[in-house]
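Below is one structure, written out as structure tokens, with a few remarks after it.
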Ligand SMILES: [Zn+2]
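Numbering (the numbering used here), first residue to last: 1 to 134.
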């Protein structure tokens with residue numbers, strides 16, 4: 001995604017494209033990925049950008065609020081951010097901390113549980129925790 005596309009994407013979600021948001025956005029939308037805030041901060045600094053930790057966190061929260069990225073609660077101690085925003089399933093490797101998408105055609109449900117009275121299913125997202133074979 002080039003700068004113009006990124007700027008258009010941010011504006012389309014009502015986010016004013018400041019230079020710091022553009023820098024965080026460039027890292028996030030470089031490719032589909034799952035990253036935690038520390039990784040983003042490291043990559044931003046490796047790229048030579050001067051963005052504070054607080055700004056990175058604020059920008060990630062803003063992007064989540066505006067639907068540009070999604071929070072993933074796979075790890076109780078670290079929040080992951082997913083640049084793919086539609087509902088999908090994940091593998092989470094508890095040994096390496098890596099999050100991977102499960103291809104949609106490899107996941108299906110023969111039987112859905114009976115939903116609580118008065119509710120409809122909004123989305124189904126599954127995390128399969130895996131660990132390395134020792
Ligand atoms: Zn994902």
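In this text, a Cβ means the ideal position worked out from N, Cα and C, and glycines have one as well. Since we're looking at a predicted model, the values are computed, not measured.
Asked	Found
Assign residue 34 to one of two classes, buried (16 or more other C-beta atoms within 10 Å of its C-beta) or exposed (fewer than that).	buried
Within this structure, are the beta carbons of residue 119 and residue 74 separated by less than 8 Å?	no
Residue range of the alpha helix (DSSP H) that residue 61 falls in?	53-65
How about residue 34: is its Cβ closer than 7 Å to a heavy atom in ligand 1?	yes
Within 10 angstroms of the Cβ of residue 96, are there 16 or more other Cβ atoms? Answer buried if so, exposed if not.	exposed
From residue 99 to residue 91, what distance separates their C-alpha atoms?	6 Å
Tell me the DSSP secondary structure of residue 70 in three-state form.	strand
Applying the criterion that 16 or more other CB atoms from any shown protein chain within 10 Å of the CB defines a buried residue, is residue 138 buried or exposed?	Outside the shown range of the chain (1 to 134) lies residue 138, about which nothing can therefore be said.
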